[in-house]
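For reference, the structure is listed below as structure tokens.
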Amino acid sequence: MNFQTGEIIAIDKPYRMSSFGALAHIRYVLSKFLHHKVKIGHAGTLDPLATGVLVLCTGKKTKEIEQLQTHTKEYTATLQLGATTASYDLEHTVDHTYPTRHITRQLIEETLPQFVGDIQQVPPTYSAVKVNGDRAYALRRAGENVTLKPKSVRIDEIELTHYDDETKQLGLRVVCGKGTYIRSLARDLGRALGSGAFLTELRRTRVGDFTVDNCVSFENFREWLEQQEIEDIHQV
């Protein structure tokens with residue numbers, strides 16, 4: 001391996017860590033191991049409360065980040081029906097509750113297909129989308145109102161993996177393209193069901209050919225490095 005000419009690796013991002021925080025840790029470990037600084041970037045963020053595949057590019061491979069961001073992604077998600085939060089996930093507490101008695105597994109199965117294909121989706125206001133140069137989440141945290149425009153996104157597959165009628169929790173497997181927010185999908189599904197919904201769990205299981213099964217362990221990244229055959233950067 002040669003981290004200057006460039007490598008593409010994927011790590012399994014831990015829960016409650018930002019993508020930048022995960023990248024910074026890997027860069028620190030890698031730079032300390034090689035005894036020099038390493039250029040590194042990621043090909044698509046994950047929310048702090050999400051886990052799973054985070055693709056990292058080093059050295060000259062950082063030029064491929066834009067292309068990697070277009071690769072198909074797959075997620076597994078757990079949604080709670082009957083309530084909403086400002087961020088559409090557990091980052092914020094419940095702000096509204098809604099009726100759920102009318103919701104059945106059949107209604108969910110009949111509703112999901114309307115979200116498959118090329119659709120318009122409004123990103124969460126608690127997101128890294130830029131508004132006049134500022135991040136939307138920063139404006140919201142500063143107490144400002146934020147209005148975002150719908151974006152065209154592509155959802156290839158949605159599968160209902162489980163549904164508990166007592167707790168009104170459901171599981172989804174989603175295959176989608178660049179720029180799709182699963183938090184927004186939860187919000188929109190809740191509305192389409194005549195209720196509310198927010199994410200309680202999100203895991204990115206695949207980005208292109210990278211899956212959680214072939215990710216490098218975040219916690220054991222140093223040990224993984226020690227097992228690799230690494231070319232001396234000063235001989236390049």
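Each residue of the sequence shown is one higher than the one before, counting from 1 in full-length UniProt numbering. Beta carbons: idealized from backbone N, C-alpha and C, even for Gly. For clarity, every value in this text was computed on a predicted model and none was experimentally measured.
- request: Would you mind working out which of L34, E74, K60, H25 sits nearest K178, comparing C-alpha positions?
  value: Within the sequence shown, numbered from 1, the residue matching residue 178 stands at position 178. Minimum Cα distance to K178 is reached at E74.
- prompt: Buried or exposed: where does S217 fall if 16 or more other Cβ atoms within 10 Å of its Cβ makes it buried?
  reply: Working through the sequence shown from its first residue, we reach residue 217 at position 217. So S217 counts as exposed.
- request: Taking all protein chains shown into account, decide if D164 is buried (16 or more other Cβ within 10 angstroms of its Cβ) or exposed.
  value: Stepping through the sequence shown from its first residue, residue 164 is reached at position 164. Exposed, by the Cβ-count rule.
task: Specify whether the segment 148-163 and the segment 105-123 touch according to this definition: at least 3 beta carbon pairs, one from each stretch, less than 8 Å apart.
output: yes
message: Please report the distance separating the alpha-carbon of Y126 from that of R16.
response: Counting from 1 along the sequence shown, the entry for residue 126 is found at position 126. Counting from 1 along the sequence shown, the entry for residue 16 is found at position 16. Going from the Cα of Y126 to the Cα of R16 covers about 15 Å.
Exposure of D12, with buried meaning 16 or more beta-carbon neighbours within 10 Å: Mapped onto the sequence shown, residue 12 falls at position 12. When all chains shown are included, D12 counts as buried.
Touching by the beta-carbon criterion (3+ pairs, under 8 Å), the segment 103-119 and the segment 127-137: no
query: DSSP on residue 242, reduced to helix/strand/coil?
result: This structure cannot speak to residue 242, because the chain is shown only from 1 to 236.
field: R191 burial status per 10 Å Cβ neighbour count (16 or more: buried)
entry: Counting from 1 along the sequence shown, the entry for residue 191 is found at position 191. With fewer than 16 other Cβ atoms within 10 Å, it is exposed.
field: Whether S195 touches L81 by CB criterion (8 Å)
entry: Sequence index remark: in the sequence shown, residue 195 carries index 195 (1-based). Sequence index remark: in the sequence shown, residue 81 carries index 81 (1-based). Yes; because the gap between Cβ atoms is below 8 Å, this pair is in contact.
- request: Please work out which residues of its chain come closer than 7 Å, Cβ to Cβ, to G21, disregarding the five sequence neighbours upstream and downstream, and give them in chain order.
  value: Translated into the one-based positions of the sequence shown, residue 21 becomes position 21. Around G21: no qualifying Cβ.
query: Opposite Y88 in the DSSP bridges: which residues?
result: Counted from its first residue, the sequence shown places residue 88 at position 88. The partner list for Y88 (beta bridge, DSSP) is empty, contrary to what the question assumes.
Same chain only: Cβ atoms within 6 Å of H92, ignoring 5 sequence neighbours per side: Reading the sequence shown from its first residue, position 92 is the one you call residue 92. Cβ neighbours of H92 beyond the five flanking positions: T85, A86.
message: Taking the beta carbon of G52 as the centre, do at least 16 other beta carbons fall within 10 Å, making it buried, or is it exposed?
response: Residue mapping note: residue 52 aligns to position 52 of the sequence shown, counting from 1. When all chains shown are included, G52 counts as buried.
message: According to DSSP, is F221 part of a helix, a strand, or is it coil?
response: Walking along the sequence shown from the start, residue 221 turns up at place 221. F221: helix per DSSP, three-state reduction.
field: In chain order, each beta strand (DSSP E) run of at least 3 residues that lies wholly inside the UniProt domain "Pseudouridine synthase II N-terminal" (36-182)
entry: 40-42, 50-58, 73-81, 83-85, 94-97, 117-121, 151-164, 169-176
Assigned secondary structure, F198 (DSSP; H/G/I helix, E/B strand, else coil): Position 198 of the sequence shown, counted from the start, is the residue given in the question as residue 198. In the structure shown, F198 sits in a strand (DSSP, three-state: E or B).
task: Within the same chain, show all residues whose beta-carbon is closer than 7 Å to that of H42, passing over the 5 residues directly before and after it, in chain order.
output: Taking the sequence shown and counting its residues from 1, the one referred to as residue 42 is at position 42. Correct list, in chain order: S19, L23, L54, V55, L56.
- prompt: Any idea if R101 is buried or exposed, counting beta-carbon neighbours within 10 angstroms, 16 or more meaning buried?
  reply: Locating residue 101 in the sequence shown gives position 101, where the first residue counts as 1. Per the 10 Å Cβ criterion, exposed.
Closest by C-alpha distance to A50, when choosing among A197, Y181, H36, G208: Here residue 50 is taken as the residue at index 50 of the sequence shown, counted from 1. Closest by alpha carbon: Y181.
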